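If you read the sequences in order, they're chains A and B.
Throughout the first sequence, residue numbering follows our numbering, covering 7 to 360 in sequence.
Throughout the second sequence, residue numbering follows our numbering, covering 7 to 360 in sequence.
Report on the structure given below.
There are 2 protein chains.
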Amino acid sequence: MPESQLRIAIVGATGAVGREALSLLAEAGHPASHVVPLASSRSAGAPLPYGACTLRTSELTSEALASCDAAIFAADAETARRFAPQAAEYGCLVIDNSSAFRADPAVPLVIPEVNADALGSRSRLVANPNCSTTILLTALEPIRRACGITRIMVSTYQAVSGAGLAGIDELREQTRAALEGRSVPSKVFPESCAFNVFTHESPIDLETGFNLEERKLINETRRIWNTPDLEIIPTCVRVPVERVHSQSVSAELRSSIDASSLRSLLARAPGLELIDDPATGTFPTPLRAAGRNPIAVGRPRISVADQRITISLWICGDQLRKGAALNALQILDHMLGTTLAFDRGAHHASPVES
Amino acid sequence: MPESQLRIAIVGATGAVGREALSLLAEAGHPASHVVPLASSRSAGAPLPYGACTLRTSELTSEALASCDAAIFAADAETARRFAPQAAEYGCLVIDNSSAFRADPAVPLVIPEVNADALGSRSRLVANPNCSTTILLTALEPIRRACGITRIMVSTYQAVSGAGLAGIDELREQTRAALEGRSVPSKVFPESCAFNVFTHESPIDLETGFNLEERKLINETRRIWNTPDLEIIPTCVRVPVERVHSQSVSAELRSSIDASSLRSLLARAPGLELIDDPATGTFPTPLRAAGRNPIAVGRPRISVADQRITISLWICGDQLRKGAALNALQILDHMLGTTLAFDRGAHHASPVES
């Protein structure tokens, strides 16, 4: 069937990732008549902007999904477990952005630039990785292919919208209050976001000391690269940024590389944009990467000691785009041979607002 | 002479670090009559709070310094080069917080908890390390002594007041504007601070790719620990925080350690405070560490692979206190056997304002 005839459901359409999926489809020119925004009964009827048009949100039901050719699930894991497998059984292609199926060996966990080959011809349900994993591996993949990676140390600078639109509201409200000498109690996060940073709010595993976000990075990276023993040492941190996750990464390589080869690898790699101009002091920042599709990489450095080669990078990726909605649509494109995620937004800056 | 008779000059008294030195001396009960705030002719006459009193700033001259027993230089490197050696020659004990003498083998570079032994009995001029170095090494020293450290990877989350009080004004002004949908051009930093992060603004060394802040961390750590070949891979980043530098650190150890021994090492070490309660989700944050003397450490993790033991920590230290003014006064205490930096502020939280 021609791509413009595809009926695509967006489950959790009123959330941060759902809205991003809608704007990507609108950017790609997919007809509004073939986009079906679904949400809980609470949000049913809510108007949603779609390019120049406005769509009405319908209630998420099995019937609504059965009428669609594909569905992007941008809801919680419980909703995904309840509706996704059944929809896939009815023949709907489902890409789930929740953690529900990421560890399920029967469900491919895919970043198209990295492991598109994991998409079997009979896959009907595919898991979208955690945003931090997708941003990290998209940036490291060209280096892994060229040199092999034996170890990763990564520290993140994660935006509050990783916790949804409510995170942005809390950041603004608490920041406005702080500027006026007031304080507003935290609802979304355990700490105040205003002029503060704090390690990721997800629960800590008492045995290893890693929080859940850090364990996702470890487990999903090992699964996507099929390297079950790879050592990954993540520290995940929230910063008072509205959108875009930044990462400071060091990776040990199996084989050596020189500075200019590293630069050209990064400049040529799919899904990446090298932003690194020491002369003008221009490097990736969240404001520069916000609302854009490519992962911005910069500050490439190479350190050699005791025959160990370590490269370091500074990465900024829009976690609502490549970290979530864009990657999901790219997976769909790979499965269908379509261009739903056709990239018109890549080369002009977009506003930080989601 | 009794400590209360010591005349102490604060050079650059109107700046962020100078003001911090004054509040530490006032906290310690040093008599106002024996504190001499000095600054450029531009700031001469400016009133400065000192506990319940107000001090008048005098112009920095060799004569003014000659009348003092000790001087904390919290000015730029040029001012330090011009006035510090001469003051030391006249018998004034000088602790310089600038970068002017940090690489000078004739001038000790000291963190009292780490290398107080570098203070010769005839030292009259001592260099205070860069704030990031002091915060990092104070936190790592107990681990180095117990296990040996063979390699450090550190990513920083540095407050805007590292660039002085003007950095705080720019952060507030740009944030207020962003909340109102306006934007204010940057003066202090190359990028907007509002809801943004960016790699440190200091110049990049084109050969290694490290910026100056990162090279300070490398060079000063090697000098203070006397480990000229130690591999250190820093990535220094600014975050929209008013004060307190945070650091995500991984260090490879020479000998192994278990989780409970690591915790008790950190809990017992001088100058540190272990804040790590997964049950309540309480870890170090800038707001929690602001205005306080101890370096807050948390999130201890141990990773073992290929016989390599790597520990990871999350550290928050007030760069105006232990990162600058407090360390300088502690050096003076070590040289004089005094208690100018006597710690009254350590166990109650203080406001974020500098």
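Don't be surprised by glycine CBs; every beta carbon is placed ideally from N, CA and C.
Because the structure is a prediction, the values reported are computed rather than measured.
At a Cβ-Cβ threshold of 8 Å, S104/A and A81/A count as neighbours. Between the segment 35–45 of chain A and the segment 122–130 of chain A, the count of Cβ pairs shorter than 8 Å is below three; the stretches do not touch. Ranking V245/B, I263/B, R228/B by CA distance to the CA of E237/B puts R228/B first. Per DSSP, reduced to three states, the secondary structure at P37/A is coil, with no helix or strand assignment.
The CB of P292/B comes closer than 9 Å to the CB of F201, N202, V203, F204 in chain A, given here in chain order. Around R150/B, no beta-carbon contact reaches into chain A at under 7 Å, the shortest distance being about 17 Å. For I155/A, there is no enclosing alpha helix (DSSP H); the enclosing beta strand (DSSP E) has its first and last residue at 155–163.
Of all residues in the segment 310–334 of chain B, only A311, T316, S318, W320 place a beta-carbon less than 7 Å from a beta-carbon of chain A. Following the DSSP letters along the chain, one finds H340/B inside the alpha helix (DSSP H) bounded by residues 332–342. Non-local C-beta neighbours of F79/A in its own chain, meaning closer than 8 Å and more than five positions away in sequence, comprise V17, G18, T85, A86, F89, A90, V100, I101, D102, N103, S104, ordered along the chain. A direct Cα-Cα distance of roughly 9 Å separates I230/A from T139/A.
Between V250/A and A295/A, the C-beta gap is smaller than 8 Å, which places the two residues in contact.
Under the three-pair Cβ rule at 8 Å, the segment 240–249 of chain B counts as touching the segment 245–264 of chain A. At a C-beta separation below 7 Å, G343/B has no neighbours in chain A, since its nearest C-beta there lies roughly 39 Å away.
I210/A has N217/A as its beta-bridge partners, per DSSP.
Counting only the Cα atoms, A302/B lies some 9 Å from P292/B. In this structure, the straight-line span from the alpha carbon of E147/A to that of N121/A is close to 10 Å. Taking the beta carbon of G215/B as reference, the chain A residues within 7 Å of it are R305, P306, R307, listed in sequence order. The segment 332–348 of chain B and the segment 21–37 of chain B touch, with three or more beta-carbon pairs separated by less than 8 Å. Among the CB atoms of chain A, none fall inside 8 Å of the CB of R188/B. Apart from sequence neighbours up to five positions away, the residues of its chain that approach R108/B with a beta-carbon distance below 7 Å are L115, A133, P135, E226, ordered along the chain. Per the coordinates, the alpha-carbon of L12/A lies some 10 Å from the alpha-carbon of S39/A.
Following the DSSP letters along the chain, one finds D82/A in no alpha helix (DSSP H), marked with neither H nor E. For secondary structure counted as the alpha helix (DSSP H) over 4 or more consecutive residues, the segment 229–300 of chain A holds these complete runs in sequence order: 265–274, 292–295. With a cutoff of 8 Å on beta-carbon distance, I141/B and Q325/B are scored as near each other.
Between L278/A and T144/A, the CB-CB gap stays under 8 Å. For D312/B, the secondary structure class from DSSP, reduced to helix, strand or coil, is coil. For V245/A, the chain B residues whose C-beta falls within less than 8 Å of its own C-beta are Y163, V203, V245, P246, listed in chain order. Closer than 7 Å at the C-beta level to chain A, one finds no residue of the segment 217–233 of chain B.
Contact annotation, E258/B with A165/B: C-beta distance approximately 28 Å; criterion of less than 8 Å not satisfied. F79/B is outside the set of residues whose beta carbon lies under 8 Å from a beta carbon in chain A.
Here DSSP, grouped into helix, strand and coil, assigns L44/B to strand. For I14/A, no Cβ of chain B is located within less than 8 Å of the residue's own Cβ. Counting C-beta atoms within 10 angstroms of its own C-beta, L280/B has 16 or more neighbours from the protein chains shown and is therefore classed as buried. Leaving aside the five residues that flank G97/B on each side, none in its chain has a CB nearer than 6 Å to its CB.
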